[in-house]
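Protein chains in written order, with our numbering: chain A, 1 to 470; chain B, 1001 to 1466. Even for Gly, the Cβ is constructed at its ideal location relative to N, Cα and C.
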C-alpha cells in the first residue's frame, strides 16, 4: 500500500521549507503548487475509492512515545476523508487567492501551508494524541496569522483567540489523558476506545464527556463560548478568516463527531446538547441582525451553521451524523467563499460597513455574484452542497428529537433573510454606488471559481461523498 | 577483581573530570581566552562522549563507597556537560573576565558532576556547596553592582547547607556511614527520620528554587549577569533535583507515601506562585526567573507521582528545561548588553533580528507546552505520570497552570512581532551557535523523543535499583 497520507504531509513540509528558503516573489507560487499537489492526491484517492467502493486506509510509522504505546498512525475514515477534501480545497483557495492585500506573501503562505499540514494531520490521525498535537499546531499557527496580518485591533483579538483556544486545548489534553488512563488497556487509539469505552464507569464517562464537550464547543464555536470568533474574524486578514472559519471550526466539529461516536454515555446528554444548539442558533441569528460589518455578519452565520451541525451530531442518528459531516464540508466551502468576497469588498472600497458600501455589482460583478452564491450555499438552497447537508441533518434531528429538532430552521430563515437584505442593500443596488479605491486581481476570481465549483459539484453530485458513508 | 575492560572508560571519565578542573585553574594563570574556550569545549565534549559510552554499556562501578558510576549518574553527567558547553560558549563574549570565569565554571562543573556521581550524603553536600560558592564568585567578578545578588545567593546556599547538615545529623544514628544506600526499614516512621526527610526537602527546595524557599531567587536571577543566570537556572537548579532523586528515591525510599504528599504540596504552590507572579512582570529576565520557578513546580510533579514513570518524566523535563532556559537566557544576555530589557524594549525584535525572535518564540512555545516541541513531551509525560499514580487533581492543577502561563509568554511574543520600524541588531556567533543547538534539539526531540525517553527510563530504573 502506498503511504498516501505520509506523502501528503511530506509534500506540505517540503513546500513549507521551499517557501521559507526561496525568494519572496516565488513564495505564493510554491505554496500554491504544494497545496495543489496535495489536492490532486486527495482527488485521485476519491476517484479510486469510488471505483473500489472503499476508502478505509491506514498507515503506521515509528513510535512517538513508546512508553505510552503511541505511534504515528494515520487513517482515512469516510467522515475524515470528507473533511480532508474540504480542507485541501479551501487551503488551496486561501493560499492562491486569499492574499488580496498582497501583504508579506512569504510569511502568510508559509503559515497557511503549516496550517494545511495541521488540518490534514488532524483529520487523518488515528489516535487522540496525534489529534491533540495537530490541533495545537493549527491553533498556534492561526494565532500568528491573526496577529501578524490583521487590522488595527488585531492584538486584542489575537490574545482573545489564543486564550479561548488554549483553554480548549488544555481541556482537550486533560480529557484525552483521562481517556487513556481509564480505558482498560491504556490506549489513545480511536477505534480501540470506541469498542471498549463502555467498560468504563458511568461517572467517569460523564466527566470525560463534559470536559471534551466543552473543549470542542469552544472551538466550534457555539453559544455561550463563541465570543472569540466575531472579533477574530473582524481583525484577521482575508486568508486568516478563510482558514479560521473554513477549517479551524471544523476541528471542533470533527472532534465532536468523534466524541459522540466513541463515548457511549453521550447518548444520555444528546437532548441537552440539542437544546443548547437550538438556543445558540437563535442567539447567533438575532445578534447577526444587529451587525454592520460584512465580515462580522459572515462570522455570525458560522455560529448559526455550526449550531445546526451540532444538532445533527447530537441526534446520534446515521442521517444526522452523515449530514453533520456533509454540512461541515459544504459550510467550509461556503464560508471561505463569503470571506473571500467580504475581503474583496473591504479591499475594493477600503470599508466593509453595509450602511456605507453600495452597489458592489457595478464595480465588481464577480464579487457580488460570489457573495450571492455564497449566501445560497449557507442558507441551503438546492443544488448547493449545504442543501444536502441540511436535509440530512434535519431528517436526523427530526427522528431523534421530534419536531423540536426542526426549530433551527427558523434561525436559518432569519439568517437568510438578513443576508438577502445585505445583498440587496450593498451588493445588488445599482443606484448611488460607492467609489472603489482598488481593484481585485485575476487570482481572486480564480479563487471564487474554485470554491464555487466545489459548492456546485458537491451540491449536484452528493453521492461522491455519500457513497463512502454507507 | 574487576575486569579491565569495564574499568577503563570509568577511569577515563574520572581523569577527564579532573582534567577539566586543572584546565580551569591553568586558564586563570595563562589568561588566553580563546585557547581556553577551545580546550574546555573539547574536554566537555569528551566528557559527554565518554559518559554516554558508559551509559550505553550500562557499566556499574562504586568508587571508594562515595561515588557510584551507574546509568543514572552518567545520564546526568551527559546532560550537564551539554548544558555547561552551551553556557561556556555563551560566556566567552559576555563574561567580563573569561579566564577567571573559566576557573569558576570548572569548579561549578565539578560540583555538578560530584552530585551526579555521589553515593554519599557528604559528597552531595560538598558538591552543592562548591557549586553555590563558585557561582556566587562568578556573579561578583563582574563588578561592584553585582554584590547584592551574589550575597543573596551566598546566604541562601549557606542556609541550605546548614539545614542539610542538621538533617544529616538526625539520621546519623541509622546511617553511620552517611551512605545513600537505604536506611534500615526498622527506622521508618521514627520521628528523627521524618524530620530529617522534611529538612532535606526544605534544603534542596531552597537550592532548586521551589516555593516558599525561593523568595530571593528572582532577585538573584535578575541581578546576576545573563550568562550566570543561564548557568544558575540551567545547571545549578537541576543539580538540586538530581540530589533530590538520590536522597528521596534511594535513601528515603521506604517513606514514599509521605514523600509524595510533600512533593504534591510543593509542586502545586510552586507552580501557582511562579505563574501568577510572572503575569505582572515587565522585565523579561525577571519574567523568565518566575517562569523557571513555575517549571520547577512542573518537574516536581514527577516526584509527587513517586513512580518509575514519574522519575522518567522529571528526568526528561530536566533536560528539556535546561536546553530551553539556556537558549532563552542566551538571547536575554545578548540583548541586555544593548540595554534591551523590558517587554516594551523587545518590540519589533522580529524585524531587528528574525533569528532571535523566531528562536525565542519557539522556546517559549516549548515552555508553554505546544506540540510538537520538546517541552510538550516533557509536560505530557509529567501530567500522565501524575494521572497514572492516581493524582488526577494534580494533573488538573498543572494544566490550569499551563493555561495561565500562556498569557505572559504571549505578551512577549506579541511584543516581538509588533509592527515598528527598527534597525537590525547584529548577533555574535556564540549566541547564534547556542540558539541553533537549542532550537534543533527542541524540535528534533519533540518529534522523535524516543531515545531520550528510553535513556531516562533506563537511568530511573537503575536509580531505583532494578
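- CA-to-CA, the gap between residue 1383/B and residue 456/A works out to about 47 Å.
- In this structure, 321/A is the residue among 80/A, 425/A, 321/A with its C-alpha nearest to the C-alpha of residue 397/A.
- Taking one beta carbon from each stretch, the stretch 1348-1368 of chain B and the stretch 1300-1314 of chain B have fewer than 3 pairs nearer than 8 Å; the two do not touch.
- Taking a contact as a CB-CB distance under 8 Å, the pair residue 1410/B and residue 162/A counts as one, their CB atoms being some 6 Å apart.
- For the stretch 1160-1192 of chain B, the set of positions with a beta-carbon nearer than 8 Å to some beta-carbon of chain A is empty.
- Rounded to whole angstroms, the Cβ separation of residue 1298/B and residue 1379/B is 6 Å, and the two are in contact under 8 Å.
- Here the stretch 330-340 of chain A lies against the stretch 373-383 of chain A, with 3 or more beta-carbon pairs under 8 Å apart.
- Annotated three-state conformation of residue 62/A is strand, per DSSP.
- Ranked by Cα distance from residue 1071/B, the options 1117/B, 1030/B, 1112/B are led by 1117/B.
- Of all residues in the stretch 1356-1376 of chain B, those with a C-beta nearer than 7 Å to a C-beta of chain A are 1365, 1370, 1371, 1372, reading in chain order.
- In this structure, the alpha-carbon of residue 1458/B lies about 15 Å from that of residue 1319/B.
- Cβ-Cβ distances below 6 Å link residue 353/A to 292 in the same chain, with the five nearest sequence neighbours on each side left out; the list follows chain order.
- Distances from the CA of residue 1212/B to each of 1155/B, 1273/B, 1419/B were compared; the closest alpha carbon is that of 1273/B.
- Along the stretch 53-82 of chain A, going in chain order, the ones with a CB nearer than 8 Å to a CB of chain B are 62, 63, 64, 65, 66, 67, 68.
- In this structure the stretch 26-42 of chain A lies against the stretch 110-126 of chain A, because at least three pairs of beta carbons, one per stretch, are closer than 8 Å.
- Contact of residue 1395/B with chain A by beta-carbon distance below 8 Å involves 174, 177.
- Only residues of its own chain outside the window of five on either side were considered, and among them 1020, 1021, 1024 have a CB closer than 6 Å to the CB of residue 1106/B, listed in chain order.
- For residue 192/A, the closest Cβ of chain B is not nearer than 9 Å.
- Taking C-beta atoms as the reference points, residue 316/A and residue 438/A fail to come closer than 9 Å.
- Annotation for residue 398/A: no beta strand (DSSP E) segment contains it, though the alpha helix (DSSP H) segment containing it runs 385-401.
- Under the three-state reduction of DSSP output, residue 1283/B falls in the strand class.
- Bridge partners of residue 189/A according to DSSP: 127/A.
- The beta carbons of residue 142/A and residue 115/A sit about 6 Å from each other, so the pair counts as a contact at 8 Å.
- The residue among 1392/B, 1393/B, 1334/B with its C-alpha nearest the C-alpha of residue 1429/B is 1334/B.
- DSSP places residue 74/A in the strand class (E or B) of the three-state scheme.
- Near chain A, meaning a CB-to-CB distance below 9 Å, no residue of the stretch 1118-1149 of chain B qualifies.
- Cβ proximity to chain B below 9 Å picks out nothing from the stretch 368-381 of chain A.
- Excluding sequence positions up to five before and after residue 81/A, its CB lies within less than 6 Å of the CB of 55, all in the same chain and listed in chain order.
- Per DSSP, reduced to three states, the secondary structure at residue 42/A is helical.
- Only 1395, 1396, 1399, 1400, 1402, 1403, 1406, 1407, 1410 from the stretch 1395-1411 of chain B bring a Cβ to less than 8 Å from some Cβ of chain A.
- From the beta-carbon of residue 1383/B, the residues of chain A found nearer than 9 Å are 173, 174, 177.
- If you look at residue 1220/B, you'll find it in the alpha helix (DSSP H) that goes 1217-1223.
- In the three-state reduction of the DSSP assignment, residue 1192/B falls in the helix class.
- With its beta carbon at least 9 Å from every one in chain B, residue 437/A lies outside the interface.
- Taking all protein chains shown into account, residue 189/A has 16 or more neighbouring C-beta atoms within 10 Å of its C-beta and is therefore buried.
- Interface criterion not met: the Cβ of residue 1346/B is under 9 Å from no Cβ in chain A.
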